[in-house]
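Chemist: Residue numbers (the working numbering): 21 to 284.
C-beta atoms are modelled at their ideal positions from N, C-alpha and C, and glycine is treated no differently.
Here you go, one structure.
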């Protein structure tokens, strides 16, 4: 499976998550009211007259924002969370072992997605407590809630971003010197993705080393015995699987991935 397969499967899973999130949004929005008559069935009334609070967004703008989030949802999940590092490293593990069909792409993407939920849990809990809950209680404006949620996501991304990457995008944007809190998402997101790709490839290199050594030993042994027509991967694959099982490879990989984010 190539990277296109990963993106396709990830998009399907992300759309399902976003669909249920949108249903929750429709159910919890204060401008959407369910009406029940004495003899009729429950109905749904959408009030698009706007909010009476001048400092808050109107419902029309909220719906536009919600539809925009639905459209960009898969990209947000892939690019603004730890999903990129997870799925790349897990893909490297499968390629290093040499078994291209096991585990399948669905399993790799699913494991990467749930590991993303686990790692991002503390960040999302902060967003829920500091932004979503006050907004649902009507004690915080929409703009303020969005700023708080964005600040938490920026803080997570900047903690995983190399200073050199952020400085690079800041220089080419020609926006002048900025502090950490002043950096816009247009600089933070690409810097974060670039750093994630670099870290994922570094981890992938370390994963490949022991399996390359096994391939080298098997190939040298076959040549010394004059069995040059025997494909080395056929012989080395059982040994690589045995090595991976003996060292509890999946535990070590997942542990390294989770600990690499230093989330508290």
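Going by DSSP in three states, residue 202 sits in which element: helix, strand or coil?
Modeler: Here residue 202 sits in coil by DSSP.
Chemist: Is residue 216 buried or exposed, if buried means 16 or more other CB atoms sit within 10 Å of its CB?
Modeler: Residue 216 comes out buried.
Chemist: What do you get for residue 207, buried or exposed, if any count of 16 or more other CB atoms within 10 angstroms of its CB means buried?
Modeler: It counts as buried.
Chemist: Quick check: what's the CA-CA separation for residue 266 versus residue 247?
Modeler: Cα to Cα, residue 266 sits roughly 28 Å from residue 247.
Chemist: If I measure Cβ to Cβ from residue 228 and keep anything under 6 Å in the same chain, skipping five residues before and after, which residues do I get?
Modeler: The residues are 116.
Chemist: For the region 221 to 274, which segments carrying the alpha helix (DSSP H) assignment without a break, of at least 4 residues, lie completely within its bounds, in sequence order?
Modeler: Fully enclosed alpha helix (DSSP H) runs of 4 or longer: 252 to 266.
Chemist: Just to check my reading of the structure: residue 219 and residue 105 have Cβ atoms closer than 8 Å, yes? What is that Cβ distance to the nearest angstrom?
Modeler: The pair is a contact, with the Cβ atoms about 6 Å apart (cut-off 8 Å).
Chemist: Give me the Cα-Cα distance between residue 144 and residue 159, rounded to the nearest whole angstrom.
Modeler: Rounded to whole angstroms, residue 144 to residue 159 spans 19 Å at the Cα level.
Chemist: Under the assumption that residue 10 contacts residue 109 (Cβ atoms under 8 Å), give the Cβ distance between them as a whole number of angstroms.
Modeler: Residue 10 cannot be examined here, being either before or after the span of the chain that is shown, 21 to 284.
Chemist: Output yes or no for whether 7 Å exceeds the beta carbon distance between residue 118 and residue 253.
Modeler: Yes, the Cβ-Cβ distance between residue 118 and residue 253 is below 7 Å.
Chemist: For a quick check, are the C-beta atoms of residue 176 and residue 132 less than 7 Å apart?
Modeler: Taking 7 Å as the Cβ cut-off, residue 176 and residue 132 do not qualify as a contacting pair.
Chemist: Given this structure, state the Cα-to-Cα distance separating residue 225 from residue 121, to the nearest angstrom.
Modeler: Going from the Cα of residue 225 to the Cα of residue 121 covers about 21 Å.
Chemist: Any idea what DSSP makes of residue 74, helix, strand or coil?
Modeler: Because the pLDDT at residue 74 is just 49, under 50, the model does not fix this residue reliably, and the value given afterwards should be weighed accordingly. Looking at residue 74 - three-state DSSP - the assignment turns out to be coil, as it is neither helix nor strand.
Chemist: Name the two residues that bound the continuous alpha helix (DSSP H) containing residue 137.
Modeler: Start and end: 125 to 147.
Chemist: Below 8 Å on the Cβ atoms is my guess for residue 155 versus residue 163; work out the distance and round it to an integer in Å.
Modeler: With 8 Å as the limit, residue 155 and residue 163 do not qualify as a contact, their Cβ atoms being about 10 Å apart.
Chemist: Please say whether residue 169 and residue 157 have beta carbons closer to each other than 7 Å?
Modeler: Cβ distance not < 7 Å, so residue 157 and residue 169 don't count as in contact.
Chemist: Whole angstroms is fine: what's the gap from residue 10's alpha carbon to residue 99's?
Modeler: Outside the shown range of the chain, which is 21 to 284, sits residue 10, and nothing can be said about it.
Chemist: Which of helix, strand or coil does DSSP assign to residue 118?
Modeler: Of the three classes helix, strand and coil, the one that applies to residue 118 here is coil, per DSSP.
Chemist: Which of helix, strand or coil does DSSP assign to residue 153?
Modeler: Reduced to three states, the DSSP call for residue 153 is helix.
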